[in-house]
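> This structure is in structure tokens; I'll ask about it shortly.
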Amino acid sequence: MESLRRRYWRLQPGVQRRLKIAVPYSVLGVLVLLLAGIYGSSPDWIIWAIFTALYVTLEFFAVEVNDRLFHSSSIMVIMTAGVIFAIEPDSSATLGMALMAAVGPFVPDDFRERRWFQPLANFGQAVVSAAVAGLILDLLLGNLGTPTPQSLYLIALAAAVASLAFTTVQTVLVRHAVQVVYPFDRLQPWSHLGMLFVSQFLMGLLGGLIGGAYLIADVDAILVLIIGVYGIGHMSLYAFSQLRVSHLSAIKGFVKTLEAKDMYTRGHTERVAQFAEMIGVEYGFNGTQLEQIKWAALIHDLGKLAVPTELIRKRGRLDDEEYAQMKQHAHLVEEILAEVDFLQPMVEIASAHHSHYDGNGYGGRGHIEGKAPSLESSIVAVADAFDAMTSARSYRMALSQRYALNELRKHSGAQFHPDVVDMFERALRKSGRRWGAPHVNDEEMARRLAEEPELTLRG
Amino acid sequence: MANWHPRVLSVVSWLFLLAVVVVGVYALVASGGPLLYIVIAAIAIVIGSMFGVATSNSGNHFTMGLAAAAATPFVFSGLDITEPAGSIASFSLGLTVVWLIRRLRGETERDLLPVMIRRFAGYVVYAVVYSAMRVGLFADLSGGWQDLFPFAVAVVAWLSVEVLLRALIVFGPRELSRSYLARAMLHDLNVFMGLALTGALFGELFAPVGWWALPIALLPYSFAHSAFKRFQETKTTYRQTIRALARIPEVSGLGIDGHADRTTDTATSIAKEMGLGPSQVEDVEYASLMHDIGRVSLSEPQILKMGYTDDDIARWSAEIIAESAYLQRVAGQVRDQYESYRKPGEQDDPDISIVSRIIKVSAAYDWKVHRSGMSPLAALEDLHAGVAYEYDPDVVASLRRLLEARGVLRPVRV
């Protein structure tokens, strides 16, 4: 025991946190299975096997709808089976559903990649939530006798309650696990959880109804038809998710092309997106807002594609004419993306990233002379300025994070939104990462270092 | 069929509508069933027609009305209504109302008539085949597997009629080949099948569980429907984004204004005229939109100093496109866009895809007309002069047919 404890403390914090979830969840799962096995009567094994096969298949083909958020329709199958087990005499839904849920999480991929956490945690949460739903179905439908079309009301009610319980328990357990395992990121996908909750609930309800209809009508044909409609929908959803990914990659690809024009700005947009997201998280933005601000950061320099490279790379001050040409890029992003409806809010944010808090600066639609730009634009502006300082340019070395933060603070209230600067500082402190060159604390030195490489070598 | 005069078209439309009404009334009398059910089915078809999945680039438009219609033969055969008369009666009634609604919404007869004709014909075939199949082993709905057989045969018959008519009936100028039209119809098979299966599901369930069939049939479909919608929406935004990005060289003054858009229009029209399938037409569309994106590199002073060729631009364009997973396939086609379709003295023709050949001809045509200021006819003659090795004669011939159909070729004095 002693050595085990010592070994636990020697583990990395990430592993510790995972164990903190995986162990209690899986133990709980096993306990629930045992209890259900002792007190519940066994289901019809042939039906159980058919539905379990279907259940596992659907788990396997879960579709990524949003970042890291998976849609799986397996709840429909498990609820159908649950209603059948509950109504049929001498079989308990609790045991049938819990056993079914126990098999689902063990996907071959996880074994191949030697993941232990997801299968164990999912095993626990699935068994517990399925057993709760099964218990409700057993209690409400156990004494129903032979179902008739009239009893569909009761079946629908029971399915609704069970599905609600299933989804709620599952959401709570998954949420808790995520909070323990990833305490530092506020994971944005979880803001979509509400939407997923409703669709899972409806899916479960539907599953229950199908189970009822199946027992009443005893029709095999409807199962084929439902699986048909469902499979078609699932395929479309799959196609959608693939298209969505490639949509993102297409735009990222273009942004990369932009950066390829200037090796000194390589990676700039992606870092700006990262900083902007950090600030957004600090502000407690929801998933949509975060997504929006990330997009805005990604496209904020798109207009530069149309600005001659010499100008972008020019060292020193631009003359008036050059400055006017440079200012143009804020408008160009609007012109380029004018026809892309879904990007319009992001374009507005991006077009004002050179707009100042005191109403100076320049920009497109999002910039109004004499007025502060939107909070989102201010965030992109701070992120942009910070990265510009902490990364190398053709004419100077990268500056240190301390210098960059000082600079931001110096101009906060005039060029930058003071709150945003504060939030950014806090976010940087939390992340624990440092950006920029460690000791380059003034602009002059950075320029000299860039011009005389030997100086750099001597440090 | 040639380009129909609007007045002729109008007369034909009214005749068709009259025919639908006559068939409907005749079927109504023959059905001998209670009018109420037939009216309810018709109303379901009309209401269903409001919930559609518009499938953007293939030109198909399917609605829930299709599911309602698919369900009626199932439901009616359990209600002692003579089939297929009952179903045909309710469909005729529904179709007439839908026609009037869509006319009032401002849809033209030219667009509406072919859709209505093929849907009506397709449905009549479906109802007739279905009821003809319901004999012997399949006579009663038992809920078993055998229920699905008449349905499967009838749906295949329906679909065949629609595909056939889609290719045969066009009242506008013929720009699209029949083969393209037939393939476009099949392109959205998943939506069609989703709707038909939903109808069958409702029909199967109606006898045993009554109106509970409605939520049970609608819930899976609503899932499928939202998936269709999302897919279409993403596709639309994707297309918008690609179009927008394709304009970057033009916005920065590095390309010719409108070149990408015009080339795309010509190229996709040629592709459809030549009878390529919808997914190939999509390739043509993306590839021609992006064929000159490599010009963004022309703002690089070093490149201007070193000089560049058309081939370089094609290579740069392909490199940029290759960044997107979805467009990987297109990248190679863009890479080949300036290649000749065959080379003098070589035994084998180079392996240039049809997509690249189409872009080559379309881009050259646009360049000649809008940059060199030639008339369309002169440009076409010029392209014909290059068919020995440079331009694919099949593509050039297709361009000629296209321009003739559009009526832009005017004789010029030399």
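Top line first, the protein sequences correspond to chains W and S. Quick note on numbering: the first sequence equals residues 1 to 459 in our numbering. Quick note on numbering: the second sequence equals residues 1001 to 1414 in our numbering. Each residue gets a CB set at the ideal place from its N, CA and C atoms; glycine is no exception. This one's a predicted model, so the numbers in the text were calculated from it and none came from an experiment.
1. Are there 16 or more other CB atoms within 10 angstroms of the CB of residue 39(W), so buried, or fewer, so exposed?
2. Which class does residue 1053(S) belong to by DSSP, given the choice of helix, strand or coil?
3. At 9 Å on the CB atoms, spell out the chain W contacts of residue 1145(S), in chain order.
4. Are there 16 or more other CB atoms within 10 angstroms of the CB of residue 321(W), so buried, or fewer, so exposed?
5. What residue range does the beta strand (DSSP E) around residue 1061(S) cover?
6. Buried or exposed for residue 1344(S), please, with buried defined as at least 16 other CB atoms from any protein chain shown within 10 angstroms of its CB.
7. Identify each residue in the region 1171–1204 of chain S for which the Cβ-Cβ distance to at least one residue of chain C is less than 7 Å, and report them in chain order.
8. Nearest to residue 231(W) by alpha carbon, out of 1231(S), 1229(S), 1223(S), 1290(S)?
9. Touch check for the region 93–108 of chain W and the region 35–51 of chain W: three-plus C-beta pairs under 8 Å?
10. Hey, how far is the Cα of residue 41(W) from the Cα of residue 137(W)?
11. Taking 8 Å as the threshold, find out whether the region 1365–1372 of chain S comes into contact with the region 1326–1345 of chain S through three or more Cβ pairs.
12. Spell out a yes or no on whether the region 1038–1049 of chain S and the region 1063–1082 of chain S are touching, meaning 3 or more CB-CB pairs, one atom from each, closer than 8 Å.
13. Is the region 1263–1275 of chain S in contact with the region 1175–1190 of chain S, if contact means three or more CB pairs nearer than 8 Å?
14. State the start and end residues of the unbroken alpha helix (DSSP H) segment that holds residue 100(W).
15. According to DSSP, which residues form a beta bridge with residue 355(W)?
16. Touching or not, the region 1252–1266 of chain S and the region 1306–1321 of chain S, by the rule of three or more beta carbon pairs under 8 Å?
17. DSSP state of residue 412(W), grouped into three classes?
18. Taking only runs of the beta strand (DSSP E) that begin and end inside the region 1313–1379 of chain S, which ones reach a length of at least 3 residues, in chain order?
19. Chain S beta carbons: is any one of them nearer than 8 Å to that of residue 253(W)?
20. Tell me, please, whether the CB atom of residue 1264(S) is closer than 8 Å to any CB atom in chain W?
21. According to DSSP, simplified to helix, strand and coil, what is residue 992(S)?
22. Could you give the C-beta distance for residue 379(W) and residue 420(W), rounded to a whole number, given that I count them as a contact under 8 Å?
23. Identify the contact partners of residue 341(W) in chain S, using a Cβ-Cβ distance below 9 Å as the criterion.
24. Is it buried or exposed for residue 368(W), if we count other Cβ within 10 angstroms and need 16 for buried?
25. Measure the alpha-carbon distance for residue 1018(S) versus residue 1026(S) and round it to whole angstroms.
26. Classify residue 142(W) as helix, strand or coil using the three-state DSSP reduction.
27. Do residue 1126(S) and residue 1079(S) have their CB atoms nearer than 8 Å?
28. Return helix, strand or coil for residue 432(W), following the three-state DSSP convention.
29. Check whether the Cβ atoms of residue 1122(S) and residue 1083(S) lie closer than 8 Å to each other.
30. Establish whether the CB of residue 24(W) and some CB of chain S are separated by less than 8 Å.
31. According to DSSP, is residue 401(W) helix, strand or coil?
32. So which residues on chain W does residue 1091(S) lean against when the C-beta distance must stay under 8 Å?
33. Taking only runs that begin and end inside the region 1125–1157 of chain S, name each unbroken beta strand (DSSP E) of 3 or more residues, in chain order.
34. Determine the direct distance from the alpha carbon of residue 1332(S) to that of residue 1249(S), and round the result to whole angstroms.
35. Output, in chain order, the set of chain W residues within a Cβ distance shorter than 7 Å of residue 1209(S).
36. In this structure, does DSSP put residue 1007(S) in helix, strand or coil?
Let's see:
1. The count along the first sequence starts at 1 and reaches residue 39(W) at position 39. Label assigned to residue 39(W): exposed.
2. As a working mapping, residue 1053(S) is identified with position 53 in the second sequence. In the structure shown, residue 1053(S) sits in a strand (DSSP, three-state: E or B).
3. Taking the first residue of the second sequence as position 1, residue 1145(S) is located at position 145. What residue 1145(S) touches in chain W: 220, 221, 224.
4. Position 321 of the first sequence, counted from the first residue, corresponds to residue 321(W). It is exposed - the Cβ of residue 321(W) has fewer than 16 other Cβ atoms within 10 Å.
5. Walking along the second sequence from the start, residue 1061(S) turns up at place 61. Here the beta strand (DSSP E) through residue 1061(S) covers 1060–1063.
6. Sequence index remark: in the second sequence, residue 1344(S) carries index 344 (1-based). Result: exposed.
7. The structure shown contains no chain C; the protein chains it does contain are W and S.
8. Within the first sequence, numbered from 1, the residue matching residue 231(W) stands at position 231. Ranking the options by Cα distance to residue 231(W), first place goes to 1223(S).
9. yes
10. Position 41 of the first sequence, counting from 1, holds the residue named residue 41(W). Position 137 of the first sequence, counting from 1, holds the residue named residue 137(W). Between residue 41(W) and residue 137(W), the C-alpha separation is close to 14 Å.
11. no
12. yes
13. yes
14. Numbered from its first residue, the first sequence carries residue 100(W) at position 100. Residue 100(W) -> alpha helix (DSSP H) spans 93–103.
15. Position 355 of the first sequence, counted from the start, is the residue given in the question as residue 355(W). Bridge partners of residue 355(W): 361(W).
16. no
17. In the first sequence, counting from the first residue as 1, residue 412(W) sits at position 412. The answer is strand: DSSP assigns residue 412(W) an E or B state.
18. none
19. Mapped onto the first sequence, residue 253(W) falls at position 253. Chain S, which has a Cβ nearer than 8 Å to the Cβ of residue 253(W), makes this yes.
20. By 1-based counting over the second sequence, the position of residue 1264(S) is 264. Residue 1264(S) does not count as touching chain W.
21. Beyond the ends of chain S as shown, which are 1001 and 1414, falls residue 992(S); an answer cannot be given.
22. The count along the first sequence starts at 1 and reaches residue 379(W) at position 379. The count along the first sequence starts at 1 and reaches residue 420(W) at position 420. That pair is a contact at about 5 Å.
23. Walking along the first sequence from the start, residue 341(W) turns up at place 341. Residues of chain S passing the Cβ test: 1236, 1237, 1240.
24. Your numbering for residue 368(W) matches position 368 in the first sequence. Counting Cβ neighbours within 10 Å, residue 368(W) comes out exposed, since fewer than 16 surround it.
25. As a working mapping, residue 1018(S) is identified with position 18 in the second sequence. As a working mapping, residue 1026(S) is identified with position 26 in the second sequence. Approximately 12 Å, taken between the alpha carbons.
26. For this step, residue 142(W) is matched to residue 142 along the first sequence. Three-state result, residue 142(W): coil.
27. By one-based count along the second sequence, residue 1126(S) stands at place 126. By one-based count along the second sequence, residue 1079(S) stands at place 79. No, the pair does not count as a contact, with Cβ atoms beyond the cut-off.
28. For the purposes of this step, residue 432(W) is taken as the residue at position 432 of the first sequence. Residue 432(W): coil per DSSP, three-state reduction.
29. Taking the first residue of the second sequence as 1, we reach residue 1122(S) at position 122. Taking the first residue of the second sequence as 1, we reach residue 1083(S) at position 83. Contact: no.
30. Position 24 of the first sequence, counted from the first residue, corresponds to residue 24(W). Closer than 8 Å: no.
31. Indexing the first sequence from 1 puts residue 401(W) at position 401. Reduced to three states, the DSSP call for residue 401(W) is helix.
32. As a working mapping, residue 1091(S) is identified with position 91 in the second sequence. Per Cβ cutoff of 8 Å: no residues; residue 1091(S) is ~21 Å from chain W at best.
33. none
34. Position 249 of the second sequence, counting from 1, holds the residue named residue 1249(S). Position 332 of the second sequence, counting from 1, holds the residue named residue 1332(S). Approximately 20 Å between the Cα atoms of the pair.
35. Numbered from 1 along the second sequence, position 209 holds the residue referred to as residue 1209(S). Those within 7 Å of residue 1209(S) in chain W are 149, 152, 213, 216, 217.
36. Taking the second sequence and counting its residues from 1, one reaches residue 1007(S) at position 7. The answer is helix: DSSP assigns residue 1007(S) an H, G or I state.
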